[in-house]
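These notes concern the structure reproduced below.
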């Protein structure tokens with residue numbers, strides 16, 4: 020009988036005790052006596068009927084899932100939540116207004132389209148979203164990705180016209196160019212929305228897990244570099260071409276530095292003043308966030324003051340400072356996107372769709388964990404997709420979730436999606452009533468707003484020393500995502516980063532940590548003998564542990580590590596045994612010859628030399644009757660059993676199964692028994708499907724625990740009559 024019990028405690032009466040006495044189980048016994056599968060057989064028709072069964076309860080659940088607002092609005096606690104939501108919504112709207120104007124510049128479209136994108140999607144998310152705290156709308160990373168596509172599809176070179184009716188010089192038809200770029204941004208948003216909606220309906224919300232945190236942080240830091248470089252020309256007031264694609268950052272920086280002698284001093288002065296003021300306000304908000312009822316709205320102060328100064332001093336006319344320009348009053352009627360542009364935008368749309376959703380769901384999960392509620396990843400994907408798809412018919416560009424606005428919405432007391440709806444109404448008020456008041460807003464002020472909001476992303480450089488200390492592989496993912504996204508562009512950079520992250524997973528499974536385990540006396544625990552001095556091996560038994568699945572990419576490495584760690588290579592054992600048998604045979608023959616020689620010398624025999632030359636003992640003596648199989652030798656291999664610990668093996672494929680079966684056969688040929696311990700029921704089902712238990716491999720070799728396998732190996736070895744012979 021097997022027995023496992025907890026280690027002796029100082030106070031045995033008060034300590035919990037684990038004591039178990041049962042037979043040693045193997046998989047054959049478990050299948051025949053302990054576990055029997057349920058009969059869940061059903062026809063395809065029955066499964067389809069269950070899946071598509073309609074009822075009022077299922078219809079209601081589907082409606083509530085599609086419109087989450089129906090689950091919380093009827094029980095909305097007006098007295099407790101309304102005031103906080105109103106304050107939060109107004110505060111967030113005040114921040115959303117200047118960001119909408121500013122991020123439109125990143126998307127390479129006129130500023131008013133940033134306001135449209137800050138209204139329609141935000142309003143829709145109130146009804147469709149499951150997160151109570153995130154602020155959806157324009158986002159710097161997504162905007163810069165859209166701007167790169169818009170500039171690529173509608174570059175300035177396609178809209179050159181003769182200046183002043185003369186062929187001597189050319190200028191860019193800005194109006195025609197902006198119309199084309201808006202069309203590109205709108206149809207790209209439509210496609211992004213369709214992709215997100217389709218992925219949500221197919222329950223593909225899990226795709227965000229492939230964007231690990233180091234990858235996202237490296238990628239967003241690279242995006243911050245792109246954004247900052249793109250705003251340099253607005254801050255300095257120089258006229259340079261906007262670049263996109265690989266090495267765009269280098270080309271843009273080179274163009275700005277090459278034209279820096281033409282810096283507009285008035286533009287630079289306004290921009291620097293705005294930068295310093297915004298940085299000071301941001302620092303004050305951070306220092307006194309616990310004392311301030313609401314954060315100081317630095318962005319809206321900059322917008323109002325700089326607009327007033329620009330209008331009063333006529334900066335555009337007198338000092339040639341670039342301003343926002345005409346902002347049409349009212350909302351545009353819905354229009355159908357120009358779908359003829361779709362074929363060239365598919366790859367970009369996929370990248371933007373995944374990045375946009377990943378940003379939103381990551382921040383949503385952070386707030387949900389903090390405040391104790393759940394967010395549905397698939398519903399979030401559907402919500403963001405519908406927000407993008409429906410809003411694109413009203414001339415918007417792709418939206419996601421802004422970290423800065425979400426923090427404002429949460430810190431000012433926002434409780435539900437009502438806060439987001441009120442923030443969109445603030446933007447609506449500007450669009451339909453007072454948008455004309457911001458026509459004199461200097462573009463350098465918007466550039467300052469953008470660059471100050473990037474400070475949080477640039478602080479992510481602090482990840483590098485932290486990751487160096489904790490995980491070199493995650494540091495490599497961060498650096499590859501950053502460098503690739505800076506040099507190749509955000510679209511290709513994201514693709515390279517994801518591919519590299521997947522390669523690191525393959526590398527980890529190909530190079531798992533393996534160890535020989537030993538028993539900790541009195542505990543039933545098995546630990547690495549190289550790491551813990553309390554762990555001791557049993558004579559003749561090796562317990563091999565590897566922390567990875569066994570599949571085509573690492574099966575050979577698993578087998579090699581097994582032979583190296585245990586010190587038992589079947590091929591070497593066979594060679595050593597042959598050599599030992601040959602050596603033993605020669606030694607016995609030589610010993611017999613010497614004995615005959617001694618006898619013959621006593622009898623005066625004269626044929627000793629002949630006997631020695633022939634090497635054959637005289638017939639009738641005991642030595643002549645010895646056979647090779649009866650030679651007693653010292654054991655070549657002191658190991659009689661190997662236990663494979665598969666508690667960490669989550670799956671195995673056909674290549675891995677064949678490799679394990681082959682190594683079991685090789686060990687069996689040299690008299691080493693192999694047992695498998697710790698298989699999960701799922702893994703056993705995979706082994707059954709792969710027909711693993713055939714030939715030399717049987718269910719009797721599989722045990723539920725290492726201790727079962729160890730006791731079985733000890734028992735079988737004690738029954739072997741030839742355990743001292745090889």
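Numbering (this note's numbering), first residue to last: 20 to 745.
Glycine included, C-beta positions come from ideal geometry on N, C-alpha and C.
Please read all numbers here as calculations on a predicted model, not as lab measurements.
Note on residue 72: under 16 other CB atoms within 10 angstroms of its CB, so exposed under the neighbour-count rule. Residue 522 carries a helical assignment under DSSP once its states are collapsed to helix, strand and coil. Taking the Cα positions, residue 667 is about 48 Å away from residue 206. If the five residues before and after residue 180 are omitted, its C-beta is found closer than 8 Å to the C-beta atoms of 189, 190, 191 and 192, all from its own chain and listed in chain order. Of the residues 176, 211 and 215, the one whose Cα lies closest to the Cα of residue 196 is 176. Inclusion of residue 108 and residue 360 in the CB contact set at 8 Å is not warranted, their separation being larger than that value.
Close CB contacts of residue 246 within its chain, under the 7 Å cut and outside five residues either way in sequence, are with 125, 159, 163, 469 and 473 (chain order).
Within the same chain, and ignoring the five residues on either side of residue 564 in sequence, the residues whose Cβ sits closer than 6 Å to its Cβ are 534, 536 and 664. Between the alpha carbons of residue 732 and residue 694 lies a distance of about 8 Å. Look at residue 535 here: in three-state DSSP terms it is strand. Going by beta carbons, residue 730 and residue 692 fall outside the 8 Å limit. Apart from sequence neighbours up to five positions away, the residues of its chain that approach residue 199 with a beta-carbon distance below 6 Å are 173, ordered along the chain.
Here residue 572 is near residue 528, since their CB atoms are less than 8 Å apart.
Distances from the CA of residue 294 to each of 104, 673 and 465 were compared; the closest alpha carbon is that of 465. Taking C-beta separations shorter than 8 Å and ignoring five residues to either side along the sequence, the partners of residue 264 in its chain run 167, 171 and 508, following chain order. With 16 or more other Cβ atoms inside 10 Å of its own Cβ, residue 497 counts as buried.
Rounded to whole angstroms, the gap between the alpha carbons of residue 567 and residue 575 is 13 Å.
At a Cβ-Cβ threshold of 8 Å, residue 132 and residue 415 count as neighbours. The beta carbons of residue 460 and residue 343 sit about 5 Å from each other, so the pair counts as a contact at 8 Å. The bridge partners DSSP lists for residue 545 are 538.
Around the CB of residue 697, 16 or more other CB atoms lie within 10 Å, so the residue is classed as buried. At a Cβ-Cβ threshold of 8 Å, residue 513 and residue 370 count as neighbours. CA-CA distance, residue 538 to residue 88, rounds to 57 Å. If you draw a straight line from the Cα of residue 128 to the Cα of residue 229, it comes to about 31 Å.
Annotated as distal: residue 284 and residue 257, with beta-carbon spacing of 8 Å or more. Here residue 303 carries a helix assignment [DSSP, helix/strand/coil]. Ranked by how close their Cα comes to the Cα of residue 590, the residues 495, 46 and 683 have 683 in first place.
In terms of Cα proximity to residue 351, the closest of 318, 267, 411 and 146 is 411.
Distance between residue 255 and residue 79, taken at the CA atoms: about 57 Å. Annotation for residue 546: 536, 537, 539 and 554 place their beta carbon closer than 7 Å to its own, counting only its chain and skipping 5 residues before and after. Counting along the chain, the unbroken beta strand (DSSP E) around residue 155 starts and ends at 154-156. The beta carbon of residue 357 is closer than 7 Å to those of 202 and 206 in its chain, skipping five residues each way along the sequence. When DSSP states are grouped into helix, strand and coil, residue 70 belongs to the helix group. For residue 261, there is no enclosing beta strand (DSSP E), as DSSP marks it with neither H nor E.
For residue 442, the uninterrupted alpha helix (DSSP H) segment begins and ends at 437-448.
Only residues of its own chain outside the window of five on either side were considered, and among them 569, 574, 575, 577 and 578 have a CB closer than 8 Å to the CB of residue 678, listed in chain order.
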